[in-house]
Amino acid sequence: MFRAIEICTDLTERKKAVIRDVLTSYRKTAKKVASYQWKLFFQTGAFNRKANIKHLQSDLSERYKYTVQYHAVVPVLESFISNVQNRFKEIVLNSSLPEKRKRVLLYLNSRREWLWIRSEKALWINGNTKHEYEITPEERLLAKKIFKHILKRWKKPNFKKVSLLLDSKCGLLESPKKAKHFDYWIRLSTKEKGKPIYLPVKLHEYFHSKDGELSGLIQISEDGRIRLVKEVAVKILELSGELALDFGMECLFATDRGDLLGREFYSKVKEYAQKIDKLGRNLQRQKIKPLQSKRYQRLNHRLSEYVKSEVRRILNRVVALYRPARLVVEDLRYFVKRVINGFPKAVKRVLIRFGLGEIKRNLQELQEEYGIEVLYVNPAYSSQACSNCGYLDKENRKSRNEFECKCCGRKLHADVNASRNLLDRVRWGMRLYGVKEALAIQVEKFLENLSSERYKCLWGKARGLLAGMPATVSEPETWNKCPC
Ligand SMILES: [Zn+2]
Numbered sequence: 019m020f021r022a023i024e025i026c027t028d029l030t031e032r033k034k035a036v037i038r039d040v041l042t043s044y045r046k047t048a049k050k051v052a053s054y055q056w057k058l059f060f061q062t063g064a065f066n067r068k069a070n071i072k073h074l075q076s077d078l079s080e081r082y083k084y085t086v087q088y089h090a091v092v093p094v095l096e097s098f099i100s101n102v103q104n105r106f107k108e109i110v111l112n113s114s115l116p117e118k119r120k121r122v123l124l125y126l127n128s129r130r131e132w133l134w135i136r137s138e139k140a141l142w143i144n145g146n147t148k149h150e151y152e153i154t155p156e157e158r159l160l161a162k163k164i165f166k167h168i169l170k171r172w173k174k175p176n177f178k179k180v181s182l183l184l185d186s187k188c189g190l191l192e193s194p195k196k197a198k199h200f201d202y203w204i205r206l207s208t209k210e211k212g213k214p215i216y217l218p219v220k221l222h223e224y225f226h227s228k229d230g231e232l233s234g235l236i237q238i239s240e241d242g243r244i245r246l247v248k249e250v251a252v253k254i255l256e257l258s259g260e261l262a263l264d265f266g267m268e269c270l271f272a273t274d275r276g277d278l279l280g281r282e283f284y285s286k287v288k289e290y291a292q293k294i295d296k297l298g299r300n301l302q303r304q305k306i307k308p309l310q311s312k313r314y315q316r317l318n319h320r321l322s323e324y325v326k327s328e329v330r331r332i333l334n335r336v337v338a339l340y341r342p343a344r345l346v347v348e349d350l351r352y353f354v355k356r357v358i359n360g361f362p363k364a365v366k367r368v369l370i371r372f373g374l375g376e377i378k379r380n381l382q383e384l385q386e387e388y389g390i391e392v393l394y395v396n397p398a399y400s401s402q403a404c405s406n407c408g409y410l411d412k413e414n415r416k417s418r419n420e421f422e423c424k425c426c427g428r429k430l431h432a433d434v435n436a437s438r439n440l441l442d443r444v445r446w447g448m449r450l451y452g453v454k455e456a457l458a459i460q461v462e463k464f465l466e467n468l469s470s471e472r473y474k475c476l477w478g479k480a481r482g483l484l485a486g487m488p489a490t491v492s493e494p495e496t497w498n499k500c501p502c
């Protein structure tokens, strides 16, 4: 895992001008390399980081050109395509296509076979059983159409604003022999052969405090700000099992084991947000711009620091407590819709500005630093369904925090119940599904539970409730043997 950290430099105007000049050529070259890579992609189905690009004209050296291709262009295009892939998945899952067709399309998508024919059959593994499906020409055509539809709507990366990202070939990090007031020199190749410029680098405490080894990668932006990239080793923890987290409005996270974490989070955020709002209004009355007020900035800074440290603290605690191999979390878009939008304006603003990004970043870091797999799932109906018997009813949720099943009578914290439902869905291999499917799974679970001995005392009760379920459900045959 890589982490770019800004360091202190003091550059002369001349050096800054040279950097800008190199950057202009770098961006132009990136554009050319990108259009060549797209050509490759449509021909072969893949980008190539090491493609031969000798024939592409550029006023940069060959070494620079390959650096552009390797570090700047291909990784960006790769991540663009993987976003397309995710969008494809979403479209298919939310469609009303027949199950078999969905599976074939998802298979083609997972292999990136949108335009090219490679597989004869589609494989689908569900638990221990393997299924094989014929791929029809219509399905191939449909895959192509969906793929082209997404590409047409999305802007391809244009590299107009990329920073220089260099390795030792064009930007070498050297220890100074004499000068003691610098930690490193960056030997930056320019457009003139044999005339590099030297950029002094001073490391600060924050840089040292972050884990990781210097990777040799250097990032330089237009205004001459420099970042050095550290490589962080994956920490080896013994991980096992799954843990689900549900975002609550009372506490930040509820786990399926029953923990309520971050109980004071929202009230603290609210307190800060109100203070900041009040101060903002006062400043406005005095015709002072908030950004000119030190106190205003200090408060904002403290708030963002609080959000940062609290989110990190809670997620680290989750890892320390359970060491899960997989973390099941509700899709963050629903977190915005369901939780964040429920708060007053001032709090909402803070959560969107700091909270959401911080949660995303920390979950990402858990993946990178510990190798914990984070699975995002659609939370549809997870708050209304009973995690014990599966019965689904709006009335199950008595208040924001209280859940009481109208069928089996189970009482528990509403967020804990929701997180158990999220976990169940992952365990059944239903990770990506639309709203309709979520409903179908829930109903299926309920009926399955009712046919087992354990719940047989509920049959009578369930019969009356079945009519109220939000899907057309018929009584299972086994009910004829119902003792009640
Ligand atoms: Zn129940």
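Position in the sequence shown counted from 1, then plus 18, gives you my numbering.
Just so you know, even glycine gets a beta-carbon here, dropped at the ideal spot from N, CA and C.
Please read all numbers here as calculations on a predicted model, not as lab measurements.
Classification of residue i by the beta-carbon crowding that lies within 10 angstroms, buried from 16 upward
i      : result
Phe283 : buried
Trp203 : buried
Leu217 : buried
Cys502 : Any reading at Cys502 must be qualified, since the residue scores a pLDDT of 46, below 50, and its modelled position is unreliable; the value itself is stated next. By the 10 Å Cβ count, Cys502 comes out exposed.
Pro186 : First, the residue type needs correcting, since residue 186 is Ser and not Pro in the sequence shown. Exposed is the call here.
Thr30  : exposed
Asp277 : buried
Tyr224 : exposed
Leu476 : buried
Ser327 : exposed
Lys196 : exposed
Thr273 : buried
Glu463 : In the sequence on display, residue 463 carries Lys and not Glu. So Lys463 counts as buried.
Phe60  : exposed
Thr47  : buried
Ile143 : exposed
Ile37  : buried
Phe421 : buried
Asp433 : buried
Ile193 : With the sequence shown as reference, residue 193 is identified as Ser, and Ile is not the correct amino acid for it. Exposed, since its Cβ has fewer than 16 Cβ neighbours within 10 Å.
Residue i CB to nearest heavy atom of ligand 1 below 7 Å
i      : result
Cys269 : no
Arg415 : no
Tyr399 : no
Asn435 : no
Cys423 : yes
Asn406 : yes
Arg428 : yes
Integer Cβ distance of residue i from residue j, believed to fall under 8 Å
i      : j      : result
Ser405 : Asp442 : 7 Å
Gln54  : Ile71  : The sequence given here has Tyr at residue 54, not Gln. Confirmed, Cβ separation roughly 6 Å.
Val504 : Leu279 : Look at the range of the chain in this structure, 19 to 502, and you will see that residue 504 is not part of it.
Leu465 : Leu345 : Incorrect: roughly 30 Å between the Cβ atoms, too far for contact.
Leu221 : Ile236 : Leu221 to Ile236, Cβ: 13 Å. No contact.
Asp77  : Lys209 : 6 Å
Val219 : Ile25  : 6 Å
Leu350 : Lys305 : That belief does not hold up - the Cβ atoms of Leu350 and Lys305 are roughly 39 Å apart, past 8 Å.
Pro342 : Gly259 : 6 Å
Cys188 : Arg119 : About 49 Å; that fails the 8 Å criterion.
Trp134 : Gly63  : 5 Å
Asn467 : Cys407 : 5 Å
Val337 : Gly373 : About 19 Å; that fails the 8 Å criterion.
Those residues which DSSP pairs with residue i across a bridge
i      : result
Trp446 : Beta-bridge pairing links Trp446 to no other residue.
His431 : Glu420
Phe65  : Phe65 pairs with nothing; no bridge assigned.
Thr273 : Leu263
Lys220 : Cys26
Leu255 : Its beta-bridge partners do not exist; DSSP assigns none.
Ile238 : Leu182 and Ile244
Leu393 : Val346
Glu231 : Glu249
Ala480 : DSSP, once it has assigned bridges, lists no residue as partnering Ala480.
Ala403 : Leu410
Ile135 : Beta-bridge pairing links Ile135 to no other residue.
Trp203 : Glu192 and Pro218
beta-carbon residue i near ligand 2 non-hydrogen atom, thresh 7 Å
i      : result
Tyr409 : Annotation note on ligand 2: not contained in the displayed structure, which lists ligand 1 as its ligands.
Exercise for review: Spell out a yes or no on whether the region 266–286 and the region 351–369 are touching, meaning 3 or more CB-CB pairs, one atom from each, closer than 8 Å.
Suggested key: yes
Review point. Is it a yes or a no for the region 141–156 touching the region 80–96, going by three-plus beta-carbon pairs under 8 Å?
Key: no
Check your understanding: Is there contact here, the region 229–240 with the region 301–315, by at least three beta-carbon pairs under 8 Å?
Key -> no
Review point. On the three-pair Cβ rule with 8 Å, is the region 393–411 touching the region 433–440?
Key: yes
Review point. Touching or not, the region 312–323 and the region 288–299, by the rule of three or more beta carbon pairs under 8 Å?
Key: yes
**Study point:** At least 3 beta-carbon pairs within less than 8 Å: the region 101–113 vs the region 163–172
**Key:** yes
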